[in-house]
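There are 2 protein chains.
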Amino acid sequence: MTRRKPGREEVEASPVVERESRAPVEAIRAAAFAQFAERGYPVVTVRDIMKACGLTQGALYNHFKSKDELLHDIITSTQSELERQCKQAVAGAGDDPRAKLAAFVRIYVMRHCRLRVEALVANREIGWLDGERVADIRRSRRAIRDILVSIFVDGVKRGVFEPPQVDGRNDLKTIAMALLDQCTHVSMWYGPGGDLTEEQMANLYADMALRMVGAQPFPPT
Amino acid sequence: MTRRKPGREEVEASPVVERESRAPVEAIRAAAFAQFAERGYPVVTVRDIMKACGLTQGALYNHFKSKDELLHDIITSTQSELERQCKQAVAGAGDDPRAKLAAFVRIYVMRHCRLRVEALVANREIGWLDGERVADIRRSRRAIRDILVSIFVDGVKRGVFEPPQVDGRNDLKTIAMALLDQCTHVSMWYGPGGDLTEEQMANLYADMALRMVGAQPFPPT
DNA sequence: GGCCAATATGAATGACTGTTCAGGGGCTGC
DNA sequence: GCAGCCCCTGAACAGTCATTCATATTGGCC
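Order-wise, the sequence lines are chains A and B.
The numbering of the first sequence is numbering that gives the first Met the number 0, which starts it at 0 and goes up by one.
The numbering of the second sequence is numbering that gives the first Met the number 0, which starts it at 0 and goes up by one.
Listed below in structure tokens is the structure:
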């Protein structure tokens, strides 16, 4: 028998839906997020998703071309909203690279705590998309990384960052990757039952980020 | 049609094996690592794995009870070797918490660069194991995290670490998680074709780790 | 040569998959 | 009343899967 993650048989463990009140498209999206996050894209069947919103398998195809397109839809919407929020946060943080970095990390971590189901799916299930679709997502991820790199470059030029060097040279791209890995994967283990609130997580991670790049202390005002 | 990751049809793209010279068990393990890393456990079929080592599907069951047990086997062996290496590195690093932390991060990052296929499978495919098997792995991960926490506690007590605080209190467990996320996920993107060698990665990450916990500079000798 | 145990084969089993589609129900605007 | 449309159903299709098993084949040892 094909083994599944635990809980496979009782898909409708979550409150049995008679018929979702939301627009069906939204209900499908929500059910897909929840199921993909919990059990993984390839083992969640179309029947599972539709049952979770009180419909039968065929109805999916009135709203999406395929199971693949459903995944692509929910991942791209999540990813582009993330990119938008990051840009907005940096743009609204003033001129100091330290403030920009802190704003970026704060919004990024907060979002990955709050919307951890969405973030988890967008980061873990991307590999199931076909080449063309996956390229879009990767482009957006690279864009987010480059926001960080720009902040770092600016900070180094203005002497407020002194990042660790490799053999006497800066590798700001690698540092950005390290920082993003750290912040992204909060969505894999953070739970509201934990020790820290989302706000505290955001503060802690922003603090760590500033230390990582050797940010000079803010001048006393 | 069930969509798959690209390259699904030509499984034997890797040099067509007549019949592996190694012991068949080892050949199966190696093929499983490679295929799981590239395409993910649930879509890799028993036929794929066995074809990749020049056997037919039925032969798997002379060496493993099931596909599940094969996954469990390769993950636990990887994980316990990781735990062993971390303990060894810390034990051999002397008394200073800074040296212990650096040694831990160096070996951890180096391993995740060098054996990135194994690390990737152990970290990404763990969710397919059933409850009992997954508990083992999680226990080992917790043990590794607790090594870090102990180093932090020691360093704080001795005044060589000044980690970032949340509302005036230390949360060393969260910092350890952040550090581990950062170091673990190197295996998702590091490639030998990149800018940095494994050695340089290890140095850079050790440096970032020391900064994250506010390590005091080593006294001049 | 003869025997034994270990191992490989490949057809068969029973179940599950994404997707299609003919048929039907229940709205709107007239 | 009735068309027209949107949406849903559930059977059917053509495939896939892990696992089992009776039947070989192999290599070592007496």
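We put the beta carbon where it would ideally sit given N, CA and C, even for glycine.
- Query: With distances taken between CB atoms, is the gap from residue 124 of chain B to residue 32 of chain B smaller than 7 Å?
  - Reply: One-based indexing of the second sequence puts residue 124 of chain B at position 125. One-based indexing of the second sequence puts residue 32 of chain B at position 33. Here residue 124 of chain B is not near residue 32 of chain B, since their CB atoms are 7 Å or more apart.
- Item | CB contact flag (residue 204 of chain A, residue 108 of chain A, <7 Å) | Taking the first residue of the first sequence as 1, we reach residue 204 of chain A at position 205. Taking the first residue of the first sequence as 1, we reach residue 108 of chain A at position 109. Residue 108 of chain A sits close to residue 204 of chain A, with the two beta carbons spaced by under 7 Å.
- Roughly how many angstroms lie between the CA atoms of residue 207 of chain B and residue 143 of chain B, to the nearest whole one? As a first step, residue 207 of chain B is located in the second sequence; it is residue number 208 there, counting from the start. As a first step, residue 143 of chain B is located in the second sequence; it is residue number 144 there, counting from the start. Rounded to whole angstroms, residue 207 of chain B to residue 143 of chain B spans 19 Å at the Cα level.
- Query: Cβ of residue 203 of chain B less than 7 Å from any chain A Cβ?
  - Reply: On the second sequence, residue 203 of chain B is found 204 positions in, with the first residue counted as 1. For residue 203 of chain B, the answer is yes, since a Cβ of chain A falls inside 7 Å of its Cβ.
- Does residue 199 of chain B have its Cβ less than 7 Å from a Cβ in chain A? Indexing the second sequence from 1 puts residue 199 of chain B at position 200. With a threshold of 7 Å between beta carbons, residue 199 of chain B makes contact with chain A.
- Write down every uninterrupted run of the alpha helix (DSSP H) in the segment 103-183 of chain A whose length is 4 residues or greater and which is fully enclosed by it, in chain order. Within the segment 103-183 of chain A, the complete alpha helix (DSSP H) runs of at least 4 residues are 115-123, 130-156 and 171-183.
- Item | chain A contact for residue 9 of chain B (CB, 7 Å cutoff) | Position 10 of the second sequence holds residue 9 of chain B. Note on residue 9 of chain B: pLDDT 38, under 50, position unreliable in the model; the coordinate value appears next. The C-beta of residue 9 of chain B comes no closer than 7 Å to any C-beta of chain A.
- Residue of B:145, B:172, B:133 and B:27 minimising C-alpha distance to residue 53 of chain B: Residue 53 of chain B sits at position 54 when you count from the first residue of the second sequence. For residue 53 of chain B, the nearest C-alpha among the options comes from B:27.
- Message: So, under 8 Å CB-CB, residue 210 of chain A and residue 213 of chain B are touching, yes? Tell me the CB distance rounded to an integer number of Å.
- Response: By one-based count along the first sequence, residue 210 of chain A stands at place 211. By one-based count along the second sequence, residue 213 of chain B stands at place 214. That pair is a contact at about 7 Å.
- Task: Give me the Cβ distance between residue 121 of chain A and residue 173 of chain A, rounded to the nearest whole Å; I'm assuming they're in contact under 8 Å.
- Result: Position 122 of the first sequence, counted from the first residue, corresponds to residue 121 of chain A. Position 174 of the first sequence, counted from the first residue, corresponds to residue 173 of chain A. The Cβ separation is near 23 Å, so there is no contact.
- Query: From the beta carbon of residue 41 of chain B, is the nearest beta carbon of chain A less than 7 Å away?
  - Reply: Within the second sequence, numbered from 1, the residue matching residue 41 of chain B stands at position 42. Taking Cβ atoms only, chain A reaches closer than 7 Å to residue 41 of chain B, which makes this a yes.
- Message: Using 7 Å as the threshold, is the C-beta distance between residue 180 of chain A and residue 184 of chain B below it?
- Response: Stepping through the first sequence from its first residue, residue 180 of chain A is reached at position 181. Stepping through the second sequence from its first residue, residue 184 of chain B is reached at position 185. The beta carbons of residue 180 of chain A and residue 184 of chain B sit closer together than 7 Å.
- Query: Quick one: is residue 207 of chain A near chain B, going by C-beta distance under 7 Å?
  - Reply: Reading the first sequence from its first residue, position 208 is the one you call residue 207 of chain A. Yes, contact with chain B.
- With 7 Å set as the bound, which would you pick, yes or no: does the beta-carbon of residue 163 of chain A sit closer than that to a beta-carbon of chain B? Within the first sequence, numbered from 1, the residue matching residue 163 of chain A stands at position 164. True, the Cβ-Cβ gap to chain B drops below 7 Å.
- Query: Which one of B:152, B:168 and B:191 has the shortest CA to CA distance from residue 199 of chain A?
  - Reply: Here residue 199 of chain A refers to the residue found at position 200 when the first sequence is read from its first residue. Selected option, being the one with the closest Cα: B:168.
- Flag residue 214 of chain B as yes if its beta-carbon sits less than 7 Å from any beta-carbon of chain A, otherwise no. Within the second sequence, the letter at position 215 stands for residue 214 of chain B. Cβ-Cβ to chain A under 7 Å: no for residue 214 of chain B.
- For the alpha helix (DSSP H) that residue 70 of chain B lies in, which residues bound it at each end? For the purposes of this step, residue 70 of chain B is identified with residue 71 of the second sequence, where counting begins at 1. In this chain, the alpha helix (DSSP H) harbouring residue 70 of chain B covers 66-90.
- Message: Please list, in chain order, the chain A residues whose beta carbon lies closer than 7 Å to that of residue 184 of chain B.
- Response: Position 185 of the second sequence, counted from the first residue, corresponds to residue 184 of chain B. The CB of residue 184 of chain B comes closer than 7 Å to the CB of 180 and 184 in chain A, given here in chain order.
- residue 49 of chain A: contacting residues in chain B (beta-carbon distance under 7 Å): Walking along the first sequence from the start, residue 49 of chain A turns up at place 50. By Cβ distance, chain B contributes nothing, its closest Cβ being about 17 Å from residue 49 of chain A, past 7 Å.
- Item | CB contact flag (residue 186 of chain A, residue 115 of chain A, <7 Å) | Looking up residue 186 of chain A in the first sequence gives position 187. Looking up residue 115 of chain A in the first sequence gives position 116. A contact, by the Cβ cut-off of 7 Å.
- Item | Within chain B, the residues that residue 157 of chain A reaches when beta carbons sit closer than 9 Å | Position 158 of the first sequence holds residue 157 of chain A. Simply none; closest approach about 19 Å.
- Item | Backbone CA spacing between residue 201 of chain A and residue 45 of chain B [nearest angstrom] | Here residue 201 of chain A corresponds to residue number 202 of the first sequence, with the count starting at 1. Here residue 45 of chain B corresponds to residue number 46 of the second sequence, with the count starting at 1. So the alpha carbons of these two residues sit roughly 44 Å apart.
- Query: So which residues of chain B does residue 177 of chain A contact, with C-beta pairs closer than 9 Å?
  - Reply: By 1-based counting over the first sequence, the position of residue 177 of chain A is 178. Within chain B, the residues near residue 177 of chain A are 181, 182, 184, 185, 203, 204 and 207.
- Query: For residue 215 of chain A, which residues from the same chain have a beta carbon less than 7 Å from its beta carbon, with the 5 sequence-adjacent residues on both sides left out?
  - Reply: Reading the first sequence from its first residue, position 216 is the one you call residue 215 of chain A. So the list reads 159, once near-sequence residues are dropped.
- Query: In the structure shown, what three-state DSSP assignment does residue 31 of chain B receive?
  - Reply: Start at 1 with the first residue of the second sequence, and residue 31 of chain B comes out as number 32. Helix at residue 31 of chain B.
- Query: Taking any Cβ of chain B, which residues in the segment 66-80 of chain A have a Cβ under 7 Å from it, in chain order?
  - Reply: Listed in sequence order: 67.
- Determine the extent of the alpha helix (DSSP H) in which residue 187 of chain B is found, giving its start and end residues. Indexing the second sequence from 1 puts residue 187 of chain B at position 188. Following the DSSP letters along the chain, one finds residue 187 of chain B in no alpha helix (DSSP H), marked with neither H nor E.
- Which full runs of the alpha helix (DSSP H) of 4+ residues lie inside the segment 194-218 of chain B, going along the chain? Here the runs fully enclosed are 197-211.
- Confirm, please, whether the CB-CB distance from residue 85 of chain B to residue 146 of chain B is below 7 Å. As a position in the second sequence, residue 146 of chain B is number 147, starting the count at 1. As a position in the second sequence, residue 85 of chain B is number 86, starting the count at 1. Result yes, Cβ atoms of residue 146 of chain B and residue 85 of chain B sit closer than 7 Å.
- Message: Counting only beta-carbon separations shorter than 7 Å, does residue 210 of chain A have a partner in chain B?
- Response: Taking the first residue of the first sequence as 1, we reach residue 210 of chain A at position 211. At least one chain B Cβ lies under 7 Å of residue 210 of chain A.
- Query: Based on Cα-Cα distance, which residue from A:165, A:166 and A:175 lies nearest to residue 148 of chain A?
  - Reply: Here the question's residue 148 of chain A lines up with position 149 in the first sequence. Closest option to residue 148 of chain A, judged by alpha-carbon separation, among A:165, A:166 and A:175: A:175.
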